[in-house]
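Please read the structure below before turning to the comments.
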Amino acid sequence: METLLENLRKRGFVPHFFNTANEAKEFFKAELKNNTIGIGGSVTISQLGLYDMLSEGNTVYSHSVDKSPNVLENASLAEVYISGANAIAETGEIVNIDGRGNRVSSVIWGANRKKVYIVSSTNKVVATLEDAIFRAKNVAAPQNAKRLNLKTPCAIKADKCYKCNSPDKICRVLTVLGYPTSAETHIVLIAENLGY
70 METLLENLRK RGFVPHFFNT ANEAKEFFKA ELKNNTIGIG GSVTISQLGL
120 YDMLSEGNTV YSHSVDKSPN VLENASLAEV YISGANAIAE TGEIVNIDGR
170 GNRVSSVIWG ANRKKVYIVS STNKVVATLE DAIFRAKNVA APQNAKRLNL
220 KTPCAIKADK CYKCNSPDKI CRVLTVLGYP TSAETHIVLI AENLGY
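So the number in our numbering is just where the residue sits in the sequence shown, counting from 1, plus 69.
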């Protein structure tokens, strides 16, 4: 883990390591007050209960919880954006796959963005960038497609990417974040098995 933390620092990220989900929640509770916060769709973030916790003292936008028509736009314009990660390479790259692009675009850029937080459990850490891309396509995406009841080949077995052309395709956009872009970017790692 120390190698990953050092590689993230070298790339300009601000890494944080927590042994438990509760420690990570306490970090967010202390860190984020009186902000507008956008939250991307993430099982890990849902398992942490960040939406409810951060809604006390902040204005929070998450399309996973709020179905209002402007929620995606409001999340993209928030001062802080929180996203999960589909995979993280020990070399320091963060890989995400997205169906609409709202989550990955909000990690990369936001007009009012001050900080980005990418949350991941250590079960998503792999050795190389190639391994991270493989994991995102063949582990995270199929399990998310199944969870969302999509009509894709990968959702049926939740076992691998079938390189389909389904209209429900969940893997339309793949990003490799090698360095922070427009905002201070924190990587929050948790030594528990969370998300996909």
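C-beta atoms are modelled at their ideal positions from N, C-alpha and C, and glycine is treated no differently.
As the structure is a computational prediction, the values presented were derived from the model and not from experiment.
Notebook entry, point to check: Cβ of A144 within 7 Å of Cβ of G118?
Noted result: Translated into positions along the sequence shown, residue 144 becomes position 75. Translated into positions along the sequence shown, residue 118 becomes position 49. Contact: no.
Notebook entry, point to check: Which partner residues does L243 have in the DSSP bridge list?
Noted result: Within the sequence shown, the letter at position 174 stands for residue 243. DSSP, once it has assigned bridges, lists I166 as partnering L243.
Next item on the list: Let me know the secondary structure DSSP gives S190 once reduced to three states.
Entry: Translated into the one-based positions of the sequence shown, residue 190 becomes position 121. S190 falls in the strand class under three-state DSSP.
Next item on the list: To the nearest angstrom, report how far apart T89 and S190 are at their CA atoms.
Entry: The residue given as residue 89 occupies position 20 in the sequence shown. The residue given as residue 190 occupies position 121 in the sequence shown. Cα-Cα distance, rounded: 10 Å.
Notebook entry, point to check: Going by the CB atoms, is the gap between V164 and A214 shorter than 7 Å?
Noted result: Within the sequence shown, residue 214 is the residue found at index 145, counting from 1. Within the sequence shown, residue 164 is the residue found at index 95, counting from 1. In this structure, V164 does not lie closer than 7 Å to A214 by Cβ.
Next item on the list: Give every residue of the same chain whose Cβ lies closer than 6 Å to the Cβ of S133, excluding the five residues on either side of it in the sequence, and list them in chain order.
Entry: On the sequence shown, position 64 is the one that residue 133 refers to. Here the set comprises G110.
Check: Considering only C-alpha positions, which residue in the set I239, H85 and S251 is nearest to D258?
Finding: Working through the sequence shown from its first residue, we reach residue 258 at position 189. Per the sequence shown, the amino acid found at residue 258 is Leu instead of Asp. Comparing Cα positions, the closest option is H85.
Check: Is E148 closer than 7 Å to K183 when the C-beta atoms are compared?
Finding: Locating residue 183 in the sequence shown gives position 114, where the first residue counts as 1. Locating residue 148 in the sequence shown gives position 79, where the first residue counts as 1. Cβ distance < 7 Å, so K183 and E148 count as in contact.
Next item on the list: For L246, collect the residues of the same chain with a Cβ closer than 6 Å to its Cβ; drop the 5 residues on either side in sequence, then sort them by chain order.
Entry: Here residue 246 corresponds to residue number 177 of the sequence shown, with the count starting at 1. Around L246: I163.
Margin query: Strictly by DSSP, which residues pair up with F87?
Written below: The residue given as residue 87 occupies position 18 in the sequence shown. Its beta-bridge partners are I259.
Next item on the list: Only counting runs of 3 or more residues, tell me where the beta strand (DSSP E) segments fall wholly within the stretch 99–136, in order along the chain.
Entry: 105–108 and 128–131
Notebook entry, point to check: Where does the unbroken alpha helix (DSSP H) through S175 begin, and where does it stop?
Noted result: Against the sequence shown, residue 175 aligns to sequence position 106. Where S175 is concerned, the enclosing alpha helix (DSSP H) stretches over N171 to I177.
Check: Among A224, Y130 and E95, which one has its Cα closest to the Cα of S175?
Finding: Residue 175 sits at position 106 when you count from the first residue of the sequence shown. Per the Cα distances, Y130.
Next item on the list: Between the Cα of F82 and those of T221, A252 and E92, spot the shortest distance and give me the residue it belongs to.
Entry: Against the sequence shown, residue 82 aligns to sequence position 13. Of the listed residues, the one whose Cα sits closest to F82 is A252.
Check: Just checking my contact of T160 with L198 at CB under 8 Å: how many whole Å lie between their CB atoms?
Finding: For the purposes of this step, residue 160 is taken as residue 91 along the sequence shown, with counting starting at 1. For the purposes of this step, residue 198 is taken as residue 129 along the sequence shown, with counting starting at 1. About 6 Å; that satisfies the 8 Å criterion.
Notebook entry, point to check: What are the residues that DSSP puts in a beta bridge with I202?
Noted result: Taking the first residue of the sequence shown as position 1, residue 202 is located at position 133. For I202, which the question treats as bridged, DSSP gives no partner whatsoever.
Notebook entry, point to check: To the nearest angstrom, how far is it from the Cα of A210 to the Cα of N139?
Noted result: Reading the sequence shown from its first residue, position 141 is the one you call residue 210. Reading the sequence shown from its first residue, position 70 is the one you call residue 139. Straight-line Cα distance between these residues: approximately 26 Å.
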